[in-house]
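Below: one structure, written as structure tokens.
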Amino acid sequence: MPEPEPLFTSCAVGAEASMPRIFLLLLIASVPAEASNIYQEPGWKPTAIPLLNYSSDYGTGYGLRFSLFRYEGQTLGYNRAYSAQLFFTTRGRWVHRLYLDLPQWRPGQRLEIEMLLEKEHHANYYGDLRDPAVDQLLGTANHQARVDRTTFRQLNRSLRLMWLRSLHAPWGLRLELRASDNEVEANAIEGSLLHLLHPLGASGGTLLQLRSALRCDTRDDYLNSTRGQLVELEIEFDAGGKGAFHGGQLGFEHRYFVPLPAGLVLADRFNFAWAYGALPFFAFPDLGGSDTIRGLMASRVRGRARLLGNAELRWRGLNLFPQEQISGGLVLFADAGQIFKPAAGPDLHHWYCGTGLGGRFFWHSTIVRGDLGRSGGQWGIYLTFSQVF
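See the structure below:
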């Protein structure tokens with residue numbers, strides 16, 4: 002059977018991305034004249050959501066997320082949130098999580114605490130190699146042998162503390178400390194890319210990461226922004242691996258949100274990251290998956306420097322159950338990014354791109370998103386939590 006014509010074509014240098022006119026006309030015709038932001042009533046608001054999830058990278062997922070939000074009735078967001086999650090997938094991925102968010106921990110201060118247990122049977126490792134170089138290394142290996150030689154098993158246990166401090170508005174400071182224990186083992190006994198390329202961290206190890214960022218934040222909402230911008234300049238210091246790991250990253254991020262007529266919001270994100278020193282491969286910037294390039298397999302490419310751009314046209318106009326703060330929306334998106342060597346810099350040819358559409362479901366401060374993306378002739382389907390940015 003021939004492959005169906007995609008709604009969106011993946012982007013390439015010198016190519017034009019098309020937009021389905023009928024879908025756009027229906028979208029504009031159906032949106033309300035004004036999209037209102039409703040202030041939450043004071044009190045506790047629980048949400049218990051069975052996790053029925055699917056990802057092209059991890060298979061079908063199932064589990065439960067319970068969240069408890071405390072609202073004071075004066076601002077859009079909550080002033081306290083607790084969350085617990087158990088999650089498994091049919092391809093051997095676990096994501097178990099405990100999370101505490103205190104936006105008003107102290108006057109002008111926010112505190113987040115997260116404990117995470119992640120397990121994965123088939124995490125991708127291609128280094129920074131593109132398809133021709135991978136084919137040359139793997140030769141004529143069959144499909145299963147190719148999967149085994151390009152993947153590894155990992156188990157990560159981590160604790161993360163993040164502290165936000167308001168300075169002279171809208172300026173602020175972010176400090177983040179993350180400690181993790183990482184177990185890594187190649188799936189193929191011989192001939193795996195992890196063995197052939199032998200990056201630092203191929204045997205796992207502990208890692209301590211300290212991040213500090215100066216930020217300018219004028220967004221109207223921390224989780225689901227509709228206007229304003231966030232600018233961050235970050236420096237990170239890493240150590241671990243019994244002294245083998247030492248280095249860090251420099252980063253810059255800009256997020257911009259513009260409200261448009263008919264309940265639409267134009268959102269974009271630009272990210273630059275540069276890793277320096279002796280870092281394990283699992284701490285390098287990567288591309289691929291639901292948070293970077295939708296349609297491209299998760300962590301398809303890793304390297305020392307990354308450029309990433311995302312653009313979304315968001316619509317939140319389906320007030321399903323206003324009394325319960327339940328609503329829905331739609332998204333059109335385009336993603337583009339490149340991994341490059343810092344000494345050489347980025348070029349015009351080696352970009353990974355993806356385009357697609359998605360849906361959003363909002364319940365109090367819980368956001369469920371489903372995206373269908375296409376990149377390089379491959380489709381990716383993602384059903385998960387929170388906005389991409």
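At position 7 of the sequence shown (counting the first as 1) the number is 8 in the working numbering, and the numbers step up by one without a gap.
Just so it is clear, CB atoms sit at the ideal spot from N, CA and C, and this is done for glycine as well.
Computed from a prediction, not measured in an experiment: that's the story for all the values here.
**Request:** Determine, using beta carbons only, whether LEU195 and PHE246 come nearer to each other than 7 Å.
**Result:** Residue numbering aside, residue 195 sits at position 194 when the sequence shown is read from its first letter. Residue numbering aside, residue 246 sits at position 245 when the sequence shown is read from its first letter. Taking the C-beta atoms as reference points, PHE246 is found no nearer than 7 Å to LEU195.
**Message:** Going by DSSP in three states, PRO262 sits in which element: helix, strand or coil?
**Reply:** In the sequence shown, residue 262 corresponds to position 261, counting from 1. PRO262: helix per DSSP, three-state reduction.
**Prompt:** According to the neighbour-count rule (16 or more other Cβ atoms, all chains shown, within 10 Å of its Cβ), is LYS46 buried or exposed?
**Reply:** Residue mapping note: residue 46 aligns to position 45 of the sequence shown, counting from 1. Classification of LYS46: buried, given that the 10 Å Cβ count is 16 or more.
**Prompt:** Should GLY278 be labelled buried (16 or more other beta-carbon atoms within 10 Å of its own) or exposed?
**Reply:** Stepping through the sequence shown from its first residue, residue 278 is reached at position 277. Exposed, because fewer than 16 other Cβ atoms sit within 10 Å of the Cβ of GLY278.
**Message:** Less than 7 Å between the beta carbons of ALA276 and PHE285, yes or no?
**Reply:** Within the sequence shown, the letter at position 275 stands for residue 276. Within the sequence shown, the letter at position 284 stands for residue 285. A contact, by the Cβ cut-off of 7 Å.
**Prompt:** Taking just the CA atoms, how far does ARG295 sit from GLY357?
**Reply:** Here residue 357 refers to the residue found at position 356 when the sequence shown is read from its first residue. Here residue 295 refers to the residue found at position 294 when the sequence shown is read from its first residue. If you take the alpha carbons of GLY357 and ARG295, they lie about 8 Å apart.
**Prompt:** What first and last residue would you give for the beta strand (DSSP E) that runs through ARG166?
**Reply:** Within the sequence shown, residue 166 is the residue found at index 165, counting from 1. Here the beta strand (DSSP E) through ARG166 covers 152–167.
**Prompt:** In whole angstroms, what is the alpha-carbon distance linking GLN110 and SER213?
**Reply:** Against the sequence shown, residue 110 aligns to sequence position 109. Against the sequence shown, residue 213 aligns to sequence position 212. Just so you know, the alpha carbons of GLN110 and SER213 end up roughly 15 Å apart.
**Request:** Using beta-carbon positions only, say whether PHE253 and PHE238 come within less than 7 Å of one another.
**Result:** Reading the sequence shown from its first residue, position 252 is the one you call residue 253. Reading the sequence shown from its first residue, position 237 is the one you call residue 238. For the 7 Å CB-CB criterion, PHE253 and PHE238 do not form a contact.
**Prompt:** On the premise that PRO281 lies in contact with GLY249, defined as a C-beta separation below 8 Å, what is that separation, rounded to the nearest angstrom?
**Reply:** Taking the first residue of the sequence shown as 1, we reach residue 249 at position 248. Taking the first residue of the sequence shown as 1, we reach residue 281 at position 280. A Cβ-Cβ separation of about 12 Å leaves GLY249 out of contact with PRO281 under the 8 Å criterion.
**Message:** If you measure between the beta carbons of GLY192 and ARG150, is that distance less than 7 Å?
**Reply:** As a first step, residue 192 must be located in the sequence shown, where it is residue number 191. As a first step, residue 150 must be located in the sequence shown, where it is residue number 149. Yes, these two residues count as a Cβ contact at 7 Å.
**Request:** Would you mind working out which of GLU42, THR48 and PRO43 sits nearest PHE1, comparing C-alpha positions?
**Result:** It is not possible to answer for residue 1, since the shown part of the chain is limited to 2 through 390.
**Message:** I'd like to check one pair, PRO260 with ARG228: are the Cβ atoms closer than 7 Å?
**Reply:** Stepping through the sequence shown from its first residue, residue 228 is reached at position 227. Stepping through the sequence shown from its first residue, residue 260 is reached at position 259. Closer than 7 Å, so yes.
**Item:** Buried versus exposed call for ALA345 [16 or more other C-beta atoms within 10 Å across all chains shown]
**Value:** As a first step, residue 345 is located in the sequence shown; it is residue number 344 there, counting from the start. It is exposed - the Cβ of ALA345 has fewer than 16 other Cβ atoms within 10 Å.
**Prompt:** Using the beta-carbon count (16 or more within 10 Å), is GLN137 buried or exposed?
**Reply:** Indexing the sequence shown from 1 puts residue 137 at position 136. It is exposed - the Cβ of GLN137 has fewer than 16 other Cβ atoms within 10 Å.
**Prompt:** Cβ atoms of GLY355 and LEU309: under 7 Å apart, would you say?
**Reply:** The sequence position of residue 309 within the sequence shown is 308, counting from 1. The sequence position of residue 355 within the sequence shown is 354, counting from 1. At the C-beta level, LEU309 and GLY355 stay beyond 7 Å of one another.
**Classification of GLY128 by the beta-carbon crowding that lies within 10 angstroms, buried from 16 upward** = In the sequence shown, residue 128 corresponds to position 127, counting from 1. GLY128 is buried by the Cβ-count criterion.
**Prompt:** How far does the alpha helix (DSSP H) with LEU139 in it reach, from first residue to last?
**Reply:** Sequence index remark: in the sequence shown, residue 139 carries index 138 (1-based). Unbroken alpha helix (DSSP H) run through LEU139: 132–139.
**Message:** Just to confirm the assignment: which complete alpha helix (DSSP H) runs, minimum length 4, are found wholly within the stretch 187–270?
**Reply:** DSSP runs (the alpha helix (DSSP H)) wholly in the stretch 187–270: 194–198.
**Request:** Tell me whether ARG147 sits in a helix, a strand or coil according to DSSP, three-state version.
**Result:** Position 146 of the sequence shown, counted from the start, is the residue given in the question as residue 147. Under the three-state reduction of DSSP, ARG147 is assigned to helix.
**Request:** Report all residues from its chain with a CB closer than 6 Å to the CB of ALA306; omit the five preceding and five following residues, and keep chain order.
**Result:** In the sequence shown, the residue the question calls residue 306 occupies position 305. Within its own chain, the residues whose Cβ lies closer than 6 Å to the Cβ of ALA306, once the five positions on either side in sequence are excluded, are TRP275, PHE341 and PRO343, listed in chain order.
**Message:** Per DSSP, what are the beta-bridge partners of ALA82 in this structure?
**Reply:** Mapped onto the sequence shown, residue 82 falls at position 81. PHE70 and ASP102.
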